[in-house]
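Below is one structure; the comments refer to it alone.
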Amino acid sequence: MLAAARQAVLVATVPLPYQPLRQALDERTNVEARMCFYLSGLFTAAEEIQHHLDAGVPVVVESYFARCLTTHRALGARLGITLPSWLPTPATYHLVCDDDERQRRLAGRNKPVSRWDSLVETATDRVTDAYASFPMHRVDTTGLSPDEVLRVIMDTDTQGAHPHADSEPVGAHPHVLPAVSRHAAGTCRL
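Numbering (my numbering), first residue to last: 2 to 191.
Here it is, written out as structure tokens:
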């Protein structure tokens, strides 16, 4: 919905060639291996994202680096990751709702619950706390329909810094990456 509303392309952050390995890896228990796999998918997707942005095409993704880092760290990963400065910088929307509604939505999903899904449910407070360190627009979706959530996102001013965001060029889920070339004439790269 958001991609259509933004006239953007939707990019999968677990690229299609990764899907068979994703299923096999999700059956394993090594959180660092899983984190590295998802980071690999994100870096692969980032190349595609940058290609679209360089062509002036806006991009929407359902997940980005902050989700990978916060989720895996909450599950015990201790890898030190420094993200490169060349990554596309998204406007990030962190969709939240009250716990009763969240549980209802999770129960209504047409998706089998994986071991990792269950583990994340035991670490929701740690995930939420970790998200606080990433720049994002928090959107409370409690009681809102998907169309209403879309309207809130579309009405959110994404110009300038979010008042509670840090300056790291990463985001969370879902993201909108504006169509701004990182090689714009007349700008300097730091």
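The C-beta atom is built at its ideal place from N, Cα and C for all residues, glycine as well.
In this text, all values refer to a predicted model and were calculated from it rather than measured experimentally.
Whose CA, out of Gln104, Ser134, Leu11 and Asp55, lies closest to the CA of threonine 123?
Here residue 123 is taken as the residue at index 122 of the sequence shown, counted from 1. Comparing Cα-Cα distances from threonine 123 to each of Gln104, Ser134, Leu11 and Asp55, the minimum goes to Gln104.
What are the boundary residues of the alpha helix (DSSP H) that includes tyrosine 39?
Counting from one through the sequence shown, the residue named residue 39 turns up at place 38. That run of the alpha helix (DSSP H) goes 32 to 55.
Local conformation of threonine 143 per DSSP, three classes
Within the sequence shown, residue 143 is the residue found at index 142, counting from 1. DSSP places threonine 143 in coil when its eight states are reduced to three.
Could you give the DSSP three-state label for tyrosine 94: helix, strand or coil?
Locating residue 94 in the sequence shown gives position 93, counting from the first residue. When DSSP states are grouped into helix, strand and coil, tyrosine 94 belongs to the strand group.
If you check the beta carbons only, do valine 32 and glycine 77 fall under 7 angstroms apart?
Within the sequence shown, residue 32 is the residue found at index 31, counting from 1. Within the sequence shown, residue 77 is the residue found at index 76, counting from 1. Result yes, Cβ atoms of valine 32 and glycine 77 sit closer than 7 angstroms.
Rounded C-beta distance between aspartate 27 and serine 115? I'm assuming under 8 angstroms.
Against the sequence shown, residue 27 aligns to sequence position 26. Against the sequence shown, residue 115 aligns to sequence position 114. That pair is a contact at about 5 angstroms.
For leucine 11, write down the residues that DSSP places opposite it in a beta bridge.
Locating residue 11 in the sequence shown gives position 10, counting from the first residue. When beta bridges are read from the DSSP output, leucine 11 appears opposite Val61.
Which residue marks the beginning of the alpha helix (DSSP H) containing leucine 70, and which one marks its end?
Taking the first residue of the sequence shown as position 1, residue 70 is located at position 69. Per DSSP, leucine 70 belongs to the alpha helix (DSSP H) from 66 to 75.
Put alanine 173 into one of helix, strand or coil per three-state DSSP.
As a first step, residue 173 must be located in the sequence shown, where it is residue number 172. No answer about alanine 173 holds up, because its pLDDT of 34 lies below 50 and its placement is not dependable.
Roughly how many angstroms separate the alpha carbons of aspartate 156 and serine 41, rounded to a whole number?
As a first step, residue 156 is located in the sequence shown; it is residue number 155 there, counting from the start. As a first step, residue 41 is located in the sequence shown; it is residue number 40 there, counting from the start. One C-alpha to the other measures close to 33 angstroms.
Count the other CB atoms within 10 Å of the CB of methionine 2; is the residue buried (16 or more) or exposed (fewer)?
Residue numbering aside, residue 2 sits at position 1 when the sequence shown is read from its first letter. With fewer than 16 other Cβ atoms within 10 Å, it is exposed.
What is the rounded straight-line gap between the Cα of histidine 73 and the Cα of alanine 6?
Mapped onto the sequence shown, residue 73 falls at position 72. Mapped onto the sequence shown, residue 6 falls at position 5. One C-alpha to the other measures close to 31 angstroms.
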